[in-house]
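Asker:
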Amino acid sequence: MGFYSASNNPPSIPWREAFKEFEGNEPGTNLAGGRHKEGLTQVQLSELTGIPQRHISEMERGKRPIGKRNAKLFAKALKVDYRMFL
């Protein structure tokens, strides 16, 4: 019926291997994750930081660098260390 014992489960793999599309964009992935953790939309984060929503979208997708100034603004809004965005 779809039940598996622990011995029948396939071995787990690291998330980076399972989600290769996030590889190389850890700052953007961290930004999106931090935003979701705080329950914020891109628009709400934009209002808190003064950074345009379009730029936040581009940063999350790895299309625009975050930079130290923006990292510090995001860190304050998301209550995390700014270095996770660099």
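Start counting the sequence shown at -16; every next residue gets the next number (our numbering).
Note that beta-carbon positions come from the ideal geometry of N, C-alpha and C, so glycine has one too.
Since the structure is predicted, the reported quantities are computational estimates derived from the model, not experimental observations.
Should I(-4) go down as buried or exposed, given a rule of 16 or more other Cβ atoms within 10 Å for buried?
Answerer: exposed
Asker: According to the neighbour-count rule (16 or more other Cβ atoms, all chains shown, within 10 Å of its Cβ), is P(-7) buried or exposed?
Answerer: Within a 10 Å sphere around the beta-carbon of P(-7) sit fewer than 16 other beta-carbons, which makes this residue exposed.
Asker: When DSSP labels each residue in this structure, what does K37 get in the three-state scheme?
Answerer: A small correction: the amino acid at residue 37 is Arg; Lys does not occupy that position in the sequence shown. Correct three-state label for R37: helix.
Asker: Following the continuous alpha helix (DSSP H) through F57, name the residue where it begins and the one where it ends.
Answerer: In the DSSP assignment, F57 falls within the unbroken alpha helix (DSSP H) covering 50 to 61.
Asker: Suppose the cutoff is 7 Å on Cβ atoms and the five residues either side in sequence are ignored; what does the same chain contact list for I39 look like?
Answerer: Q25, L28, S29
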